[in-house]
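In this note's numbering, the protein residues as written are 187 to 579.
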């Protein structure tokens, strides 16, 4: 494959994406990232770009609320980098990958039209659930932008189904699930003592979208029925819902530990002290904590409104799944998780690690490279046969 010049347009570089972007850069040789901001203020992460060519754009940011049909409002920051077209004109990339479907991509489409030899890949990191309640304006914009894409990257089957609504042909859809450098998580011992094996762990922002209120209600119901059992839930992360969650009335045998924000480097220390990841989200495009937990040997008690849970978790084998807006399903999944014998929980942890071991940065980069080869006319026969397949194994 001849060396191509590729530019990625994205909001910012989270630490779990760094290894993926480095791998893409290694495979391409000429790879540059244009980011809108260095890092959101709400994220406890340090901006790290070593090994990458990164430019931070001139950007306007405004804040709004996302109102979802499931009843939550989520604070949303919208970043509008207004110099995208000029930067692309200066760099003259062979391929542009735009990781959203708004104003940034509109500028990339304009560049594509004025530079017919260039190619555009829209990276639609979405699912059907994340796009509910987004409004007619966004749907119209997406219906306008999608026909200009030479290929579309999605996280999983739900994302693929969503973009097909806008007339994207199946052969142009490439599935690239979220990956991260799982070595620090997979290096953790699988063995847990009895207390750790039963301990529930949540990792993420404390916002309504994550479904924690419904989870605490279900845990309270379970603990009232099983008054002789103590249940621990550790919550790693922070956010506007913390105060309400701390004030939630609960039985004395339900123990909550609010750990606050934790650096990404320190996350493995919390995974190794827990036995089950709780991920009750009402809407998530993926949920990279599922990758991390599985690599660490934790089965996942998770919502199918996370694309990671939908794609990776086999119910009863690597975790327990439920719809988070159905309290009866949460209760059933919780009962199954909390009454699973310790030995069986250990076996599920082993199965979870094995099921996630292929989700390496190299795996993710290879999927993205398939899309790049496709749009540049350098696709291999074995690449095209892998278009639009799920990541379950």
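Note that CB positions come from ideal geometry on N, CA and C, so glycine has one too.
Tell me whether residue 408 sits in a helix, a strand or coil according to DSSP, three-state version. When secondary structure is reduced to three states using DSSP, residue 408 falls in the helix class.
Is residue 315 helix, strand or coil when you go by DSSP? Of the three classes helix, strand and coil, the one that applies to residue 315 here is coil, per DSSP.
Would you give the residue range spanned by the beta strand (DSSP E) that residue 265 belongs to? Counting along the chain, the unbroken beta strand (DSSP E) around residue 265 starts and ends at 259-267.
Taking DSSP as the reference, what is the three-state secondary structure of residue 243? Correct three-state label for residue 243: coil.
What's the call for residue 346, buried or exposed, on a 16-neighbour Cβ count within 10 Å? Burial call: buried.
Once the 5 residues before and after residue 423 are set aside, which same chain residues still bring their CB inside 7 Å of it? Once the five neighbours on either side are set aside, the close Cβ partners of residue 423 are 389, 390, 391, 392 and 447.
How close, in whole Å, do the beta carbons of residue 274 and residue 294 come, if the pair is a contact with beta carbons under 8 Å? About 7 Å; that satisfies the 8 Å criterion.
Chain-order list of residues whose beta-carbon lies under 7 Å from that of residue 481 (same chain, five-residue window excluded): So the qualifying residues of the chain are 368, 371, 372, 539 and 542.
Taking 9 Å as the threshold (C-beta atoms), are residue 524 and residue 415 in contact? Yes. Within cutoff.
Which one or two residues does DSSP pair with residue 310 in a beta bridge? DSSP lists 340 as the beta-bridge partner residues of residue 310.
Closer than 8 Å by C-beta to residue 561: which residues in its own chain qualify, once you throw out the five before and the five after it? Chain order, please. Correct list, in chain order: 281, 305, 306, 307, 336 and 337.
Neighbour-count burial assignment, residue 298, 16 or more Cβ in a 10 Å radius: By the neighbour-count rule (16 or more Cβ atoms within 10 Å), residue 298 is buried.
So the candidates are 206, 191, 198 and 197; which of them puts its Cα closest to the Cα of residue 549? Cα-wise, what sits closest to residue 549 is 206.
Residue range of the alpha helix (DSSP H) that residue 293 falls in? Run containing residue 293: 289-300, per the alpha helix (DSSP H) assignment.
Three-state secondary structure (DSSP) at residue 569? Reliability fails at residue 569, whose pLDDT of 46 lies under 50, so the model's placement of it is uncertain and the value that follows must be treated cautiously. DSSP, reduced to helix, strand and coil, places residue 569 within a helical segment of the structure shown.
Which whole-angstrom value describes the C-beta separation of residue 396 and residue 507, a residue pair presumed to lie in contact below a C-beta threshold of 8 Å? Not really, about 16 Å apart at Cβ, beyond 8 Å.
Beta-bridge partners of residue 418, as assigned by DSSP: BP columns for residue 418 point to 441.
Compare the Cα-Cα distances from residue 254 to each of 332, 320, 456 and 399 and report the closest residue. Ranked by Cα distance from residue 254, the first of 332, 320, 456 and 399 is 320.
Taking Cβ positions, are residue 434 and residue 386 nearer each other than 9 Å? Pairing residue 434 with residue 386 gives a Cβ-Cβ distance that is not under 9 Å.
Cut-off 6 Å between Cβ atoms - residues of its own chain near residue 474, not counting five sequence neighbours on either side: Within the same chain, residue 474 has close Cβ partners 202, 364 and 366.
So who's on the other strand from residue 506, going by DSSP bridges? The partner list for residue 506 (beta bridge, DSSP) reads 487.
Taking residue 516 as part of the alpha helix (DSSP H), name the residues at either end of that continuous run. Per DSSP, the unbroken alpha helix (DSSP H) holding residue 516 starts and ends at 513-524.
Enclosing alpha helix (DSSP H) for residue 329 [first to last residue]: The continuous alpha helix (DSSP H) containing residue 329 extends over residues 322-331.
Please state whether DSSP places residue 554 in a helix, a strand or coil. In the three-state scheme derived from DSSP, where H, G and I count as helix and E and B as strand, residue 554 is classed as helix.
Applying the criterion that 16 or more other CB atoms from any shown protein chain within 10 Å of the CB defines a buried residue, is residue 326 buried or exposed? Burial call: exposed.
Residue 553, buried or exposed, once every other Cβ within 10 Å from all chains shown has been counted against 16: A buried status is given to residue 553, since no fewer than 16 other beta-carbon atoms sit within 10 Å of its beta-carbon.
Test: residue 244 CB closer than 9 Å to a CB of chain B: The question asks about chain B, but that chain is absent: this structure has only one protein chain.
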